[in-house]
Amino acid sequence: MCIGMPMQVVASEGRFALCEGRGERRRINTALVGPVAPGDWLLVFLNDARERIDASRAAEVDSALDLVLGALQGAAAHADVGFALPSQMDPRTLLAPPTLPETT
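All residue numbers in the sequence shown are consecutive under our numbering, ending with 109.
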């Protein structure tokens, strides 16, 4: 299993982008997601953009990463993380295909 990190594009440089996230600034390969623009959000693993995400999804992933980091540091988990944890979701919801945004 890989753990992606949400990063926001600061500048685009051809097939690469300068991105910031979780206190880091990195040069990210964007070949898998295509052209990006400043302000776009990407889910990054091993300095490669794997998926385009929106700001709310970036916040969800950041919250989950904060929980993991806290657990590794011995912090007690709090009950309200601000989004539905998969362990508390209806199994049918987890199996349902994702809905795609409408295009105009």
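Just so you know, even glycine gets a beta-carbon here, dropped at the ideal spot from N, CA and C.
Could you give the residue range of the beta strand (DSSP E) that holds residue 14?
On the sequence shown, position 9 is the one that residue 14 refers to. Taken as a continuous stretch (DSSP letters only), the beta strand (DSSP E) holding residue 14 covers 10 to 18.
Hey, quick one: how far does the alpha helix (DSSP H) through residue 76 stretch, first residue to last?
Within the sequence shown, numbered from 1, the residue matching residue 76 stands at position 71. Segment 60 to 77, the alpha helix (DSSP H) holding residue 76.
Counting only the same chain and skipping the five closest in sequence on each side, list residues whose C-beta sits under 8 Å from that of residue 46.
By one-based count along the sequence shown, residue 46 stands at place 41. Once the five neighbours on either side are set aside, the close Cβ partners of residue 46 are 11, 12, 13, 14, 57, 58, 59, 60, 62 and 63.
What number of angstroms, rounded off, separates the C-alpha of residue 96 from the C-alpha of residue 66?
For the purposes of this step, residue 96 is taken as residue 91 along the sequence shown, with counting starting at 1. For the purposes of this step, residue 66 is taken as residue 61 along the sequence shown, with counting starting at 1. Cα-Cα distance, rounded: 20 Å.
To the nearest angstrom, how far is the alpha carbon of residue 53 from that of residue 36?
Position 48 of the sequence shown, counting from 1, holds the residue named residue 53. Position 31 of the sequence shown, counting from 1, holds the residue named residue 36. Going by the C-alpha atoms only, they are around 8 Å apart.
So residue 22 and residue 33 are in contact, right, with Cβ under 8 Å, and what is the actual spacing, rounded?
Residue numbering aside, residue 22 sits at position 17 when the sequence shown is read from its first letter. Residue numbering aside, residue 33 sits at position 28 when the sequence shown is read from its first letter. Rounded, the Cβ-Cβ distance is 5 Å, consistent with contact.
Using only CA atoms, which one of 25, 29, 98 and 50 lies nearest to residue 44?
As a first step, residue 44 must be located in the sequence shown, where it is residue number 39. Here the closest residue by C-alpha is 25.
Drop a sphere of 10 angstroms on the beta-carbon of residue 48, count the other beta-carbons inside from all chains shown, and report buried for 16 or more, exposed for fewer.
In the sequence shown, the residue the question calls residue 48 occupies position 43. The residue in question, residue 48, is buried, as its Cβ has 16 or more Cβ neighbours within 10 Å.
Look at the alpha carbon of residue 42 and the alpha carbon of residue 28, and state the distance between them as a whole number of angstroms.
Residue mapping note: residue 42 aligns to position 37 of the sequence shown, counting from 1. Residue mapping note: residue 28 aligns to position 23 of the sequence shown, counting from 1. Spanning the two alpha carbons is a distance of roughly 20 Å.
Could you tell me the distance, in whole angstroms, from the CA atom of residue 31 to the CA atom of residue 50?
Working through the sequence shown from its first residue, we reach residue 31 at position 26. Working through the sequence shown from its first residue, we reach residue 50 at position 45. The straight-line gap from Cα to Cα measures roughly 11 Å.
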